[in-house]
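Here is the structure we will look at, set down as structure tokens.
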Amino acid sequence: MMLGYGCAYTYMTAHEIGHALGFMHTVQRHDRDEFITINKNAITSSYYGDFLKLSPQQNDNFGLPYDYGDIMHYPAD
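Each residue of the sequence shown is one higher than the one before, counting from 11 in the working numbering.
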């Protein structure tokens, strides 16, 4: 794994390690609409794919509750 300048902070490094372990973004959970609202107009086109909702088959939540503080969760801004 290669970490660039954007991973200068611990949480960013942990986030990228999460991806290396196969974790998806929390905002891609199939049940995310019960917890958050995605403002698609505020998403830069190059990041749009990071916000696509996955099916339960693509992203098993293992019965875990939605976690707003998850390292794989994008901030509101």
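All C-beta atoms in this analysis are idealised placements derived from N, C-alpha and C, irrespective of residue type, glycine included.
Computed from a prediction, not measured in an experiment: that's the story for all the values here.
Put simply, the backbone Cα of Tyr58 is about 18 Å away from that of Glu26. Inclusion of Tyr84 and His40 in the CB contact set at 8 Å is not warranted, their separation being larger than that value. Annotated as distal: Phe33 and Ile48, with beta-carbon spacing of 8 Å or more.
Secondary structure of Phe45 (DSSP, three-state): coil.
Linking Gly14 to Leu64 through their CA atoms gives a straight-line distance of about 28 Å.
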